[in-house]
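Sequence order for the protein chains is L and X.
Reminder that position 125 of the first sequence reads as 125 in UniProt numbering, one-by-one numbering, no gaps.
Reminder that position 105 of the second sequence reads as 105 in UniProt numbering, one-by-one numbering, no gaps.
The structure appears right after this line, and notes come after that.
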Amino acid sequence: MSLDATDRLILNHLQDGFPIGPSPYLKVAQDLGLSEDELLSRLQQMKEARVITRFGPFFDAEAMGGAFCLCAMAVPDGEFETVLTKVNARPEVAHNYERSHRLNMWFVLATESEHEIEAVAKSLERETGQRVLCFPKLREFFIGFRVAA
Amino acid sequence: MTIDATDRRIIAATQGGLPLVPEPYAQIAEDLGIEEAALCTRLRAMQDRGVIRRIAVAPNHYALGMTANGMSVWDVDDARIAELGAKVGALEYVSHSYERPRALPDWPYNLFAMIHGSSREEVEEKRAQIAALLGDACRGRDILYSTRILKKTGLRLRSKEG
Chain L
1 MSLDATDRLI LNHLQDGFPI GPSPYLKVAQ DLGLSEDELL SRLQQMKEAR
51 VITRFGPFFD AEAMGGAFCL CAMAVPDGEF ETVLTKVNAR PEVAHNYERS
101 HRLNMWFVLA TESEHEIEAV AKSLERETGQ RVLCFPKLRE FFIGFRVAA
Chain X
1 MTIDATDRRI IAATQGGLPL VPEPYAQIAE DLGIEEAALC TRLRAMQDRG
51 VIRRIAVAPN HYALGMTANG MSVWDVDDAR IAELGAKVGA LEYVSHSYER
101 PRALPDWPYN LFAMIHGSSR EEVEEKRAQI AALLGDACRG RDILYSTRIL
151 KKTGLRLRSK EG
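The structure is reproduced here in structure tokens:
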């Protein structure tokens with residue numbers, strides 16, 4: 001779908017937040033000078049056209065319980081697919097990306113607790129014969145991200 | 001930071017998104033068998049505690065032309081990473097930014113920042129801006145582009161309530 005100025009206004013505005021309470025769409029619509037119906041139907045269209053990936057609360061996965069860790073491996077070319085099969089077979093592996101670096105496989109481990117992260121990483125090392133480097137988050141800095149629509 | 005069984009039910013009911021109806025909270029509350037006001041009080045409390053980062057739209061980067069991204073990594077002076085990391089994280093084109101431990105000698109970088117742009121050239125341009133911002137506090141840098149998505153599953157709350 002092609003977006004017009006009103007769609008872009010809505011996307012930019014709703015990246016900053018959404019009210020909690022009765023008639024939240026009406027409040028947003030009034031802020032933007034739209035009717036509630038128009039706001040809802042435009043949101044519906046953008047959702048159906050997949051311009052909007054998601055609209056709702058974004059939860060801090062760690063605050064909900066559970067542990068997460070970014071890990072990386074330097075997998076030799078000839079072994080990549082074999083190692084990949086073993087890594088991806090683990091349900092604890094949430095995302096996995098091939099990246100342009102000597103450390104060419106980057107994945108996120110998601111487990112119930114911190115000590116399981118280490119256990120899964122160690123067991124992956126045994127299974128694949130490759131070192132697993134763990135990069136746990138020490139501090140997080142993101143606050144400003146916006147996609148200008 | 002703890003959440004109780006009712007919070008978990010609220011998370012499960014809203015992690016797919018808010019309904020596009022005039023009274024979305026009333027609808028969710030009804031599904032959960034609680035009052036709308038009680039639901040809103042809990043949502044506000046979770047937002048205050050950081051369990052909910054924000055309630056917002058996540059636009060599809062690709063649909064908006066943001067088709068390029070790179071994981072930029074930096075070796076930043078430990079004494080200045082708190083101050084400089086906050087500046088990098090506040091940039092509009094940086095989506096995720098973290099301090100992580102180095103893994104010497106393989107990996108000298110302690111600051112990670114995901115940069116988004118409409119092209120790889122734009123990502124590189126923004127990377128140069130970050131380099132300028134870090135100045136002589138930065139001793140080394142690199143950028144990793146993803147060449148293939150190998151696995152992608154949503155991070156979903158496992159149902160613990162029984």
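Here a beta-carbon is modelled for each residue, glycine too, at the ideal position from N, C-alpha and C.
- Taking a C-beta distance under 8 Å as the contact criterion, Ala74/L and Leu43/L do not qualify as a contact pair.
- The Cβ of Ala63/L sits closer than 8 Å to at least one Cβ of chain X.
- Unbroken beta strand (DSSP E) stretches of 3 residues or longer found wholly inside the segment 81-144 of chain X: 94-99, 111-117, given in chain order.
- Judged by their CB atoms, Arg141/X and Ser95/X are not nearer to each other than the 8 Å cut-off.
- Excluding its 5 nearest sequence neighbours in each direction, Glu36/X has C-beta neighbours in its own chain below 7 Å: Tyr25, Ala26, Ala29, listed in chain order.
- By the 16-neighbour rule on beta-carbons within 10 angstroms, Gly21/L is exposed.
- For Gln15/X, the C-beta contacts it makes with chain L under 8 Å involve Gly56, Pro57, Phe59, in order along the chain.
- In this chain, Pro59/X is not harboured by any alpha helix (DSSP H); it is covered by the beta strand (DSSP E) spanning 52-59.
- In this structure, His101/L and Leu144/X form a Cβ contact; the two beta carbons are roughly 5 Å apart against a cut-off of 8 Å.
- For Leu70/L, there is no enclosing alpha helix (DSSP H); the residue is part of the beta strand (DSSP E) that begins and ends at 67-73.
- Residues of the segment 23-35 of chain L that bring their beta carbon within less than 8 Å of a beta carbon in chain X comprise Ser23, Pro24, Tyr25, Leu26, in sequence order.
- Ala67/L is not a Cβ neighbour of Ile10/L, given a cutoff of 8 Å.
- Distances from the alpha-carbon of Lys86/L to those of Pro136/L, Arg139/L, Gly65/L, Gly129/L put Gly129/L closest.
- For Pro57/L, the pairing in a beta bridge is given by DSSP as Ile55/X.
- Boundaries of the alpha helix (DSSP H) harbouring Met46/X: 36-49, taken from the DSSP string.
- When Cβ-Cβ separations below 8 Å define contact, Thr67/X makes no contact with chain L.
- Contacts with chain L at 8 Å (Cβ-Cβ) include Arg44/X.
- For Leu134/X, the CB contacts under 7 Å within the same chain, skipping 5 residues up- and downstream, are Trp74, Val76, Leu84 in chain order.
- In terms of beta-carbon proximity, Gly89/X lines the interface with chain L, with at least one pair separated by less than 8 Å.
- Within the segment 114-147 of chain X, the residues whose Cβ lies closer than 9 Å to any Cβ of chain L are, in chain order, Met114, His116, Asp142, Ile143, Leu144, Tyr145, Ser146, Thr147.
- Residues of chain X whose Cβ lies closer than 8 Å to the Cβ of Ala149/L are, in chain order, Pro59, Leu64.
- Closer than 9 Å at the C-beta level to chain X, one finds these residues of the segment 108-123 of chain L: Val108, Ala110, Glu112.
- In this structure, Tyr97/L and Ile149/X form a Cβ contact; the two beta carbons are roughly 6 Å apart against a cut-off of 8 Å.
- Under the three-state reduction of DSSP output, Arg99/L falls in the strand class.
- Between Trp107/X and chain L, the shortest Cβ-Cβ separation is below 8 Å.
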